[in-house]
Every structure is written in structure tokens, then in C-alpha cells.
Amino acid sequence: MTRAMPPVLAARGFGRSEPGFSSLLDTMHREASGTRPGSGTVLAGLTDVVISAAVRFWLEHGCGTARAWLAAAQDPNVGDALAAIHESPGTPWTVESLARIARASRSQFSEQFRETVGDTPARYVTRIRMAQAERMLRSGDPVAVIAYRLGYDSEDGFSRAFRRHSGVAPSLWRRTTLQPVA
Numbered sequence: 009m010t011r012a013m014p015p016v017l018a019a020r021g022f023g024r025s026e027p028g029f030s031s032l033l034d035t036m037h038r039e040a041s042g043t044r045p046g047s048g049t050v051l052a053g054l055t056d057v058v059i060s061a062a063v064r065f066w067l068e069h070g071c072g073t074a075r076a077w078l079a080a081a082q083d084p085n086v087g088d089a090l091a092a093i094h095e096s097p098g099t100p101w102t103v104e105s106l107a108r109i110a111r112a113s114r115s116q117f118s119e120q121f122r123e124t125v126g127d128t129p130a131r132y133v134t135r136i137r138m139a140q141a142e143r144m145l146r147s148g149d150p151v152a153v154i155a156y157r158l159g160y161d162s163e164d165g166f167s168r169a170f171r172r173h174s175g176v177a178p179s180l181w182r183r184t185t186l187q188p189v190a
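Per our numbering, the very first residue in the sequence shown carries number 9; after that it's consecutive.
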């Protein structure tokens, strides 16, 4: 299930909203820095608590959806396919290749995927690619590099897909997103 999570989870305002967790983070730091017996066990338990609270905060504040994570927990085979998509969004995924990962027939996989994730495999792959594209655009990666890394045959093909997703060309999206607010 954790493989279906985003690589970075930003929960801005977590400390203000959940002030009790600051002391837990301090305790984690002390446990990690010391050599007391059982520190590893204490640290592992505190890590679970803090991460669970941060994920809850992230979800409650509309920063993301838990649908894919819940799908991974509900159906481990679909979870394996989700993890593969997240690990390598630029792979030329097909229903057949994802069904193989999920150890299912194409029709069975498509039905299971749609029931658990709420979308078709192709639309889900596109959504994950576009989220990755936005991160790469923010980082300043050239559009041609993004297109290649995300599995598009050409910069034009990627630009068309991005325009369908966001309503604007990637270069315009980058300029308007990174433009300082006056």
C-alpha cells in the first residue's frame, strides 16, 4: 500500500493544526540520537503515529485522495498494478501489461480496477503522468525531457495530453504557476 503513496506528502500547517505532534517529533529526534535500550521500537511506534496523523491531515485538507491507497489495501493485486504505475509512470502501460502484474485477465483486471479505483486504468495512468509532469515543470525540466520521461512519442503528443488535462500548454502552465503573485 505504501508503494501507491506519492513520493512526497506536503502537509502545510500540520504543526499549527496538530500542536501535540511537535513534542512527538522532538521525542523522535531524542530517540534517534540516543542509545537507550528499545529506542528503535519506540521510534518505530512514534513514526507510525506521526505519519498516520500527517496523512490524515493531508486528506482532510483536500491535498489528495486516499482512493488509490484504499484500493491497494482492498485488492493487493490491483495494488501491485498501482504501485507499478506510480514507480514508473513513463512505462507504456496497457491493460494487458497491468493485468499481468495484477495476475488477472484483461477483462477481470479492468473491472476490478474500475471498482476499486473508480477510474479506468488508462485514465488513471494519464492522471499520474500529468501530476508527475506538473512536478517536473515546477522543477524547471524542459518539456521535451518531460515528454520523453513520461513515455510520450513526441513533445507535441505530450503537449496535447497536457493541454487536455490542464487546459493550457505546458510552457504556459509553468509560467503562470511559477509567476510570483503581486
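C-beta: ideal position from N, C-alpha, C; glycine also. These figures come from a predicted structure and were not determined experimentally.
Supposed close pair residue i, residue j - CB separation, criterion 8 Å
i, j, result
"Ser-118", "Val-133", "That belief does not hold up - the Cβ atoms of Ser-118 and Val-133 are roughly 13 Å apart, past 8 Å."
"Ala-152", "Glu-142", "Contact doesn't hold; Cβ gap of about 16 Å is too wide."
"Gln-140", "Val-86", "Wrong, their Cβ atoms sit about 20 Å apart, outside the cutoff."
"Arg-146", "Leu-186", "7 Å"
"Glu-26", "Ala-52", "The Cβ separation is near 20 Å, so there is no contact."
"Ala-169", "Tyr-160", "7 Å"
Option in the options with minimal Cα separation from residue i
i, options, result
"Ser-135", "Ser-115, Phe-166, Arg-111 and Met-36", "Checking the sequence shown, residue 135 turns out to be Arg, not Ser. The shortest Cα separation from Arg-135 among Ser-115, Phe-166, Arg-111 and Met-36 belongs to Phe-166."
"Gly-21", "Arg-64, Gln-140, Tyr-160 and Val-86", "Arg-64"
"Glu-95", "Leu-158, Arg-168 and Val-176", "Leu-158"
"Glu-39", "Ser-25, Leu-54, Leu-106 and Pro-27", "Leu-54"
"Asp-127", "Leu-90, Gly-148 and Ile-154", "Leu-90"
"Asp-83", "Arg-114, Glu-123 and Gly-98", "Glu-123"
"Met-144", "Ser-179, Gln-116, Ser-113 and Ala-112", "Ser-179"
"Asp-88", "Val-58, Val-57 and Val-125", "Val-125"
"Gly-148", "Met-138, Arg-183 and Tyr-160", "Arg-183"
"Ala-23", "Val-58, Met-138, Ser-41 and Ser-47", "Ala is not the amino acid found at residue 23; the sequence shown has Gly there. Nearest of Val-58, Met-138, Ser-41 and Ser-47 to Gly-23, Cα basis: Val-58."
Residue i (DSSP reduced to helix, strand or coil)
i, result
"Glu-160", "Residue 160 is actually Tyr in this sequence, not Glu. The answer is coil: DSSP assigns Tyr-160 none of H, G, I, E or B."
"Gly-42", "coil"
"Asp-56", "helix"
"Asp-127", "coil"
"Thr-99", "coil"
"Gly-48", "helix"
"Gly-21", "coil"
"Ala-110", "coil"
"Gly-28", "helix"
"Val-176", "coil"
"Ser-167", "helix"
"Gly-148", "coil"
"Asp-83", "coil"
9 Å Cβ cutoff, residue i in contact with chain D
i, result
"Arg-182", "Annotation note: the requested chain D is absent from the structure, which comprises a single protein chain."
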